[in-house]
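Q: Below is one structure. I have some questions about it.
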Amino acid sequence: MRICKSCGLGRIDRIRCVCGDEQFDEINSRMNDYGQPVGVALAEDTLTFKKPKKVVLTGKYCRLEPVNAEAHAESLFHSFSQNQSPQQWTYLPSAVPTVYSEFNDYVLGMENSNDYDCFTIINANNEAVGTFALMRLDIVNGVVEVGMVTFSEKMRQTVVSTEAHYLLARYVFETLGFRRYEWKADALNEPSKKAAKRLGFSYEGLFQQITTTHGRNRDTTWYAMTDIAWRNQVENYVKWLSPENFDNEGKQLSKLKFN
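Just add 3 to wherever you are in the sequence shown, counting from 1, and you've got this note's numbering.
This is the structure:
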């Protein structure tokens with residue numbers, strides 16, 4: 004990795020940094036007074052991170068609203084129950100919803116959680132079709148994880164699923180000013196790992212026997228996206244989400260790709 008001498012950020016391509024400069028320092032060339040290599044010095048204004056708030060994030064194809072049981076539970080229950088394959092819930096902490104009263108309590112728990120900032124995903128038909136959350140908030144270091152990702156069949160392989168992740172990532176980096184955004188998947192959950200890579204998260208390793216779930220061992224695969232990576236790839240999201248990238252049937256003309 005190379006660091007720009009002008010702004011201290013990583014380069015965006017082979018020639019220029021995001022600030023426009025062309026002069027770079029190798030990250031390992033910075034030494035302390037004892038001749039030891041040390042990390043990049045951070046400007047004070049890069050160490051101020053905002054806490055998530057209950058905000059509505061609006062895109063072209065969907066919007067994200069703070070989870071609200073009264074407003075969302077019934078619609079979510081319908082979306083999760085309709086044409087839902089039980090195997091899609093294998094790696095989730097909860098089971099396939101079959102009893103509305105129990106599901107309503109589950110959604111109410113998300114709404115009132117002090118540990119997670121949960122969002123409901125609303126599609127263009129004003130249907131609640133999925134949920135996910137910002138969790139494991141580290142406000143000191145500017146780190147947060149996207150988790151509790153529960154998408155209904157109405158979201159699978161649609162532009163809504165990609166835009167929902169784009170809206171949340173943009174909020175994390177551009178509004179909250181965070182430096183690192185994490186994605187953790189059950190090591191056996193191939194669709195989740197594939198989704199992380201497709202959305203621009205980088206593989207960081209396997210954590211063995213890190214937890215248990217449903218009475219079995221869980222190894223967890225870690226992925227992450229940094230603020231530097233986000234600046235480098237956000238334009239790929241914008242281009243892919245453009246209406247011009249979809250035909251009359253809503254099928255993509257070009258795939259979402261990152262360098």
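Backbone N, C-alpha and C define an ideal beta-carbon position, used for all residues, glycine too.
If you draw a straight line from the C-alpha of residue 28 to the C-alpha of residue 137, how long is it?
A: Low per-residue confidence applies at residue 28: pLDDT is 49, beneath 50, and the placement is therefore not dependable enough to give any value.
Q: Starting from residue 92, trace the beta strand (DSSP E) in both directions and tell me its first and last residue.
A: Premise fails: residue 92 is in no beta strand (DSSP E) and is neither H nor E.
Q: If we ignore side chains and look at the alpha-carbon of each, how far apart do residue 221 and residue 36 end up?
A: Each residue's alpha carbon lies about 44 Å from the other.
Q: Specify the secondary structure class of residue 191 as computed by DSSP and reduced to three states.
A: Note: residue 191 maps to coil in three-state DSSP.
Q: Mark residue 97 as exposed unless 16 or more other C-beta atoms lie within 10 angstroms of its C-beta, in which case mark it buried.
A: Looking at its Cβ environment, which holds fewer than 16 other Cβ atoms inside 10 Å, residue 97 is exposed.
Q: Taking the alpha-carbon positions, what's the residue 254 to residue 200 distance?
A: C-alpha separation (whole angstroms): 20 Å.
Q: What first and last residue would you give for the beta strand (DSSP E) that runs through residue 117?
A: It is not in any beta strand (DSSP E) - residue 117 carries neither H nor E in the DSSP assignment.
Q: For residue 100, which three-state DSSP category applies?
A: It is coil, neither helix nor strand.
Q: Just confirm the distance between the C-beta atoms of residue 184 and residue 176, as a whole number of angstroms; I'd bet it's less than 8 Å.
A: At roughly 7 Å, the Cβ-Cβ gap stays under 8 Å, so residue 184 and residue 176 are in contact.
Q: So, for residue 182: in the same chain, excluding its five sequence neighbours on each side, which residues have a beta-carbon less than 6 Å away from its beta-carbon?
A: If we look at residue 182 and ignore the five residues flanking it on each side, its Cβ neighbours are 145, 230.
Q: For residue 79, is the classification buried or exposed, using 16 other Cβ atoms within 10 angstroms of its Cβ as the cut-off for buried?
A: Buried: at least 16 other Cβ atoms inside 10 Å.
Q: Specify the secondary structure class of residue 245 as computed by DSSP and reduced to three states.
A: Reduced to three states, the DSSP call for residue 245 is coil.
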